[in-house]
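**Student:** Below you'll find the structure I mean.
2 protein chains.
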Amino acid sequence: MADEKTFTKELRESLENKRMGNNFLGILNDIKRRPSDAAKELEISKEEIENIINGKIRLSSEIISKATKIWPVNSRDFYIMHDDCPSGLKIMRYEDSVKSGRIMHRSGKPYYEYRDTAMSSVGPFRPEWIEMLCVVDDNEPNNKQTQWNNGHFMHQFTYFLGDVNFYYIDDNGEKKVGVMNIGDSNYITPFTPHSFATRKDAKKNGLILALTYGNNLSGDSQHELSSLGKKLGKEFALDFSSKENASASLIKFHRNNSSLTLHELSKRTNMNIEKLKDFENGKIPTYSEYTILAEHFNVNIRDLFSYDKISNKVIVRLHKNTKKWFYPEDTKNYELVELASTISLPYSKALEINILSENNKTLDLKVGLHQYGYNIGNTDVSISYESEDGLKDDMVKPGDSFYMKPFVEHNFRGKGKLLVLRISGKITGEPQRELSLMGKKNTARAINDSLQWFDAKGKN
Amino acid sequence: MADEKTFTKELRESLENKRMGNNFLGILNDIKRRPSDAAKELEISKEEIENIINGKIRLSSEIISKATKIWPVNSRDFYIMHDDCPSGLKIMRYEDSVKSGRIMHRSGKPYYEYRDTAMSSVGPFRPEWIEMLCVVDDNEPNNKQTQWNNGHFMHQFTYFLGDVNFYYIDDNGEKKVGVMNIGDSNYITPFTPHSFATRKDAKKNGLILALTYGNNLSGDSQHELSSLGKKLGKEFALDFSSKENASASLIKFHRNNSSLTLHELSKRTNMNIEKLKDFENGKIPTYSEYTILAEHFNVNIRDLFSYDKISNKVIVRLHKNTKKWFYPEDTKNYELVELASTISLPYSKALEINILSENNKTLDLKVGLHQYGYNIGNTDVSISYESEDGLKDDMVKPGDSFYMKPFVEHNFRGKGKLLVLRISGKITGEPQRELSLMGKKNTARAINDSLQWFDAKGKN
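And the structure:
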């Protein structure tokens, strides 16, 4: 066993070195350096460069540090994402979750117990199981025992596992309380202050699953904003306070990107200047007017569209108001229940899955989003999935949670009940469109280029 | 002078340490660790953690390495983008560009000379000045002296500075040659093989500015694709081979994200199943049908829209066919010339700027995109810009190039001529929409959070 484990660890390290090598070659390609150019500038041998590219030796932090001094590159460019989930599925057991428990005090009193649930270095989920240690004796939004947080950068989907009061600031800046019960759910926009507490009449302390996650602004884009500084960074925020303002902002933004005058745009579109001014003051163009504007900006209609509605900052979905249906179309192996979601996050979908089939072997689920799951029922759920090494099985027990990579074929069997949250990582959305446009045959190179941009021997 | 330089270097390091500290706090917030939790798990003192957060000491690579072992985080999360352009403008002088020259041999003969031009760690440009050392004696696409490359991951905008033959593979897979002259321009899609050569009758070797850059797929998204592996990664590529296929793919993708059956979707939308099947087979919905579909997927119409047209892989714009206009509306300080662009990159705009005013002090340009510029004329161009420390002036001489951060107010004065390329970094597009939705008042926290997600002292 020890040997096998060592072998696996070595194999994985060697795979990571290869990926780091490919990534390094990609950086050299981008700045048009051949291995020999890079060797000279980094003051190491050409052989060492080639061994790094081939993954025979691991790129050292010294070389990275040197590279950032001589080239306009960043350390983060050289570090790849660590794959801690090579099979496609990573389960966190209830017992390990318990061990991660930590009590959060507020105002000197125990307020919450936090426990980690399944997380992966590949997926953007930061999900916590939380017990409310504070008991409130009324449902007033101004209850003095309630301690509010500052809001946080991450988006939050919450699933309620018991009798919990949910405190939040609504769109008018007023404090509100939602009296929540098991199966209810919500979505909380970043930086919206909120709190949770157990109700006095509850049989036991309230529990929630607080599933937080970064979306498009986390990672590279936040780093870029930060490197531009607050003064310039703030300018990126367009006025999305209403649909009208959003439309006006986007049209102005695109016209300015090309430094087009109203005069020139009017000439191109055959629309008079007054009409164009109205659009930039909040009049929403018709679909055919959008078509003309987009054509003359040489952008797509979708680039001029904002959100279809400006959603509330907090969305509460009571379990009794959920939509339910059977899935798949033919076998009906599951009953699905649609939980809280927001139009601001089109790739974020939460479901309750009631499992209705115990034996059927078909892998009847495959989703192009990162998935998080938690066994919220009282019975074990078996999971089968197609890993890189073929079909695998595992068991998700009550209180266990899991992370699953996108596009892994799988099924759930038994009589249990899961909470599932599906979200985009960094690919879904515009990067996915760019990948799609490159065509299937170029995707392998886009994912991990192992070619120099030219062959020295020539190519006719 | 030495003292001032040291002071500046120290000040910049201290600012970077602060940003690294804020970023570190952001990571701790995301995984819901207080400084005391982090200290315990990283086995360092709480004081050291607090000093890292405050920027008093720099986060070491040892601590980062430890963190990646105990938490589901990646080394790249901890490294910020280095700001090598604190004033907002970075100029590369012609002389320094000459020094970076390197001769690229193909098939044993000198084929190109490459020279770096202005690049920044903050901006995505990877621009090269290239001289064609290979002289061809005909304009045939199959000329045997022409050595083709493999295509590359980056998008390319090319500006022609002389008599150059441009070789490329067109959308039908056929070799083509474009007979290009000064002022012509093109766009080349990633992984499209191409080549350039000097024409026999040219008075001197042909020159181009080959401005390459990554778009949405570079950085985080490529790292995520690579960590998911080629098998799963490839699945992200939707079928965008035609407008019909793209529409069908996107509708199927969104329906599958929610595991909606056709039956359930039909019930919700009041559209019959046959019609829904037609949409998933390539029939393009009307605008009002899109509205209904989007509403019931709880996504935006724009999320269902693909590109307005599937653009050619190579776009050539001859100078004689360009559009020209004066800017700004009132003062007409510039004549602008629109160069090659593609609808696939709505935030990528190239212009020739003919400068018509020598004295006017107004900062009449401010663009929400990263900007690259090159003095393609014969006379000096003066540039004034608003830096963090107030108004600054500089001179861009013939052959000099520059990088400018987004939203820097500036002007160009003199009688000269610039080539300018404006592109998005990692913020423009969907991240910018997310930032806009958070509202102006939360942008500072989104850019660089210096708050823990809660105050231990409590908050009513």
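Same order as they appear, the protein sequences are chains A and B.
Anchor point for the first sequence: position 453 equals 471 in the numbering used here, and the numbering is continuous, going up by one each time.
Anchor point for the second sequence: position 29 equals 47 in the numbering used here, and the numbering is continuous, going up by one each time.
Every residue, glycine too, gets a C-beta built ideally from N, C-alpha and C.
Keep in mind that this is a model prediction, so the values were computed, not measured.
Would you identify the three-state DSSP class for B/I389, choosing helix, strand or coil?
**Tutor:** As a working note, residue 389 of chain B is residue 371 in the second sequence. In the sequence as displayed, the identity of residue 389 of chain B is Gln instead of Ile. If DSSP states are grouped into helix, strand and coil, B/Q389 belongs with the strands.
**Student:** Specify the secondary structure class of A/D483 as computed by DSSP and reduced to three states.
**Tutor:** Lying before the first or after the last residue shown, residue 483 of chain A is absent from chain A, which here runs from 19 to 478.
**Student:** Using CA atoms only, rank isn't needed, just tell me which of B/K193, B/P145 and B/E34 is closest to B/R76.
**Tutor:** Numbered from its first residue, the second sequence carries residue 76 of chain B at position 58. With distances taken between Cα atoms, B/R76 lies closest to B/E34.
**Student:** So, do the segment 223 to 238 of chain B and the segment 177 to 186 of chain B have three or more beta carbon pairs nearer to each other than 8 angstroms?
**Tutor:** Touching, yes.
**Student:** Have a look at A/A474 and B/S213 and give me their C-alpha separation to the nearest angstrom.
**Tutor:** As a working note, residue 474 of chain A is residue 456 in the first sequence. As a working note, residue 213 of chain B is residue 195 in the second sequence. So the two alpha carbons sit approximately 14 angstroms from each other.
**Student:** Which same chain residues end up closer than 8 angstroms to B/N378 when comparing Cβ atoms and leaving out the 5 residues on each side of it in sequence?
**Tutor:** Position 360 of the second sequence holds residue 378 of chain B. Result list for B/N378: T349, N351, N429 and R431, in chain order.
**Student:** Check the DSSP bridge columns for B/Y305 and list the partner residues they point to.
**Tutor:** Sequence index remark: in the second sequence, residue 305 of chain B carries index 287 (1-based). Paired residue(s): none; B/Y305 is not in a bridge.
**Student:** Who are the Cβ neighbours of B/A20 in its own chain at under 7 angstroms, not counting the five residues just before and after it?
**Tutor:** Here residue 20 of chain B corresponds to residue number 2 of the second sequence, with the count starting at 1. Summary for B/A20: the model assigns pLDDT 42, below 50, so the residue's position carries little reliability; its value from the coordinates is reported in the next sentence. Nothing listed; no residue qualifies.
**Student:** So what does DSSP say about B/S63, is it helix, strand or coil?
**Tutor:** Within the second sequence, the letter at position 45 stands for residue 63 of chain B. It is coil, neither helix nor strand.
**Student:** For chain C, is any of its Cβ atoms less than 9 angstroms away from the one on A/P449?
**Tutor:** Here the protein chains are A and B, and chain C is not one of them.
**Student:** Assuming contact is defined by CB atoms lying nearer than 9 angstroms, are B/Y392 and B/A136 in contact in what I supplied?
**Tutor:** Mapped onto the second sequence, residue 392 of chain B falls at position 374. Mapped onto the second sequence, residue 136 of chain B falls at position 118. Taking 9 angstroms as the Cβ cut-off, B/Y392 and B/A136 qualify as a contacting pair.
**Student:** Distance, Cα to Cα, A/N478 vs B/L60?
**Tutor:** Along the first sequence, one-based indexing puts residue 478 of chain A at 460. Along the second sequence, one-based indexing puts residue 60 of chain B at 42. A/N478 and B/L60: Cα-Cα distance of roughly 56 angstroms.
**Student:** Select from the segment 422 to 442 of chain B all residues with a C-beta closer than 8 angstroms to any C-beta belonging to chain A, and list them in chain order.
**Tutor:** Correct list: K423, P424, F425, V426 and R440.
**Student:** Identify, in the order they occur along the chain, each residue of the same chain with its Cβ nearer than 6 angstroms to the Cβ of A/L256, setting aside the five sequence neighbours on each side.
**Tutor:** Taking the first residue of the first sequence as position 1, residue 256 of chain A is located at position 238. Here the set comprises S267.
**Student:** Name, please, each residue of chain B whose Cβ falls closer than 8 angstroms to the Cβ of A/M150.
**Tutor:** Your numbering for residue 150 of chain A matches position 132 in the first sequence. None at all; the shortest Cβ gap to chain B is about 14 angstroms.
**Student:** Would B/R111 count as contacting chain A if we go by Cβ distances under 9 angstroms?
**Tutor:** As a working mapping, residue 111 of chain B is identified with position 93 in the second sequence. It does not: the Cβ of B/R111 has no partner Cβ on chain A nearer than 9 angstroms.
**Student:** What residues in the segment 299 to 323 of chain B have a beta carbon less than 9 angstroms from any beta carbon of chain A?
**Tutor:** Those would be Y305, T309, A312, E313, F315, N316, V317, N318, I319, R320, D321, L322 and F323, in chain order.
**Student:** Three Cβ pairs or more, each shorter than 8 angstroms: is that satisfied between the segment 230 to 241 of chain B and the segment 339 to 349 of chain A?
**Tutor:** Flag = no, the segment 230 to 241 of chain B and the segment 339 to 349 of chain A do not touch.
**Student:** Which residues in the same chain have their Cβ closer than 7 angstroms to the Cβ of A/T461, if we skip the five residues on either side of it in sequence?
**Tutor:** Your numbering for residue 461 of chain A matches position 443 in the first sequence. The residues are L453.
**Student:** Can you tell me which of the three DSSP states B/G12 falls into?
**Tutor:** One cannot answer for residue 12 of chain B here, as it falls past the ends of chain B, which runs 19 to 478.
**Student:** Exposed or buried, which one is A/T26 when buried takes at least 16 other CB atoms within 10 Å?
**Tutor:** By one-based count along the first sequence, residue 26 of chain A stands at place 8. A/T26 is exposed by the Cβ-count criterion.
**Student:** With A/S405 as the anchor, note down where its alpha helix (DSSP H) starts and where it stops.
**Tutor:** As a first step, residue 405 of chain A is located in the first sequence; it is residue number 387 there, counting from the start. Where A/S405 is concerned, there is no enclosing alpha helix (DSSP H), although the beta strand (DSSP E) it sits in stretches over V399 to S405.
**Student:** Just to check my reading of the structure: B/F420 and B/K108 have Cβ atoms closer than 8 angstroms, yes? What is that Cβ distance to the nearest angstrom?
**Tutor:** Here residue 420 of chain B refers to the residue found at position 402 of the second sequence. Here residue 108 of chain B refers to the residue found at position 90 of the second sequence. The Cβ separation is near 6 angstroms, so the contact holds.
**Student:** Report back the beta-carbon spacing between B/S244 and A/I465 to the nearest angstrom; my notes put them in contact at under 8 angstroms.
**Tutor:** Numbered from its first residue, the second sequence carries residue 244 of chain B at position 226. Numbered from its first residue, the first sequence carries residue 465 of chain A at position 447. Going by Cβ atoms, the distance from B/S244 to A/I465 rounds to 6 angstroms, so yes, they are a contact pair.
**Student:** Is there a Cβ from chain B that is less than 9 angstroms from the Cβ of A/S259?
**Tutor:** The sequence position of residue 259 of chain A within the first sequence is 241, counting from 1. Taking Cβ atoms only, chain B reaches closer than 9 angstroms to A/S259, which makes this a yes.
**Student:** Taking 8 angstroms as the threshold, find out whether the segment 130 to 149 of chain B comes into contact with the segment 435 to 443 of chain A through three or more Cβ pairs.
**Tutor:** No, the segment 130 to 149 of chain B does not touch the segment 435 to 443 of chain A.
**Student:** Checking contacts by CB at 9 angstroms: is A/S276 closer than that to chain B?
**Tutor:** Here the question's residue 276 of chain A lines up with position 258 in the first sequence. Closer than 9 angstroms to some Cβ of chain B, the Cβ of A/S276 qualifies, so yes.
**Student:** Assign B/P449 to one of three DSSP states: helix, strand, or coil.
**Tutor:** Stepping through the second sequence from its first residue, residue 449 of chain B is reached at position 431. B/P449 falls in the helix class under three-state DSSP.
**Student:** Using 8 angstroms as the Cβ pair cut-off and three pairs as the minimum, do the segment 327 to 341 of chain A and the segment 402 to 421 of chain A touch?
**Tutor:** Judged by Cβ distances under 8 angstroms, the segment 327 to 341 of chain A makes no contact with the segment 402 to 421 of chain A, as fewer than three pairs qualify.
**Student:** Taking the alpha carbon of B/R120 as the point to measure from, which residue in B/S138, B/P104 and B/E149 has its own alpha carbon closest?
**Tutor:** The sequence position of residue 120 of chain B within the second sequence is 102, counting from 1. The option with the nearest alpha carbon to B/R120 is B/E149.
**Student:** Kindly list, in the order they appear in chain B, the residues whose Cβ is closer than 7 angstroms to that of A/N204.
**Tutor:** Counting from one through the first sequence, the residue named residue 204 of chain A turns up at place 186. The premise fails here: A/N204 is roughly 15 angstroms from chain B at the closest Cβ pair, so nothing lies under 7 angstroms.
**Student:** So which residues of chain B does A/N35 contact, with C-beta pairs closer than 7 angstroms?
**Tutor:** Counting from 1 along the first sequence, the entry for residue 35 of chain A is found at position 17. The premise fails here: A/N35 is roughly 13 angstroms from chain B at the closest Cβ pair, so nothing lies under 7 angstroms.
**Student:** Tell me the rounded alpha-carbon separation between A/N316 and A/K261.
**Tutor:** As a working mapping, residue 316 of chain A is identified with position 298 in the first sequence. As a working mapping, residue 261 of chain A is identified with position 243 in the first sequence. Approximately 23 angstroms, taken between the alpha carbons.
**Student:** Which residues in chain A have a C-beta closer than 7 angstroms to the C-beta of B/F209? List them in chain order.
**Tutor:** Within the second sequence, numbered from 1, the residue matching residue 209 of chain B stands at position 191. By Cβ distance, chain A contributes M456, N460 and R463.
**Student:** Tell whether a beta-carbon distance below 9 angstroms holds between A/V399 and A/M413.
**Tutor:** Numbered from 1 along the first sequence, position 381 holds the residue referred to as residue 399 of chain A. Numbered from 1 along the first sequence, position 395 holds the residue referred to as residue 413 of chain A. For A/V399 and A/M413, yes; Cβs fall inside 9 angstroms.
**Student:** So A/M99 contacts chain B; which residues on that side make the cut at Cβ distance below 8 angstroms?
**Tutor:** As a first step, residue 99 of chain A must be located in the first sequence, where it is residue number 81. Neighbours of A/M99 on chain B, chain order: N92, R94, H241, E242, S244 and S245.
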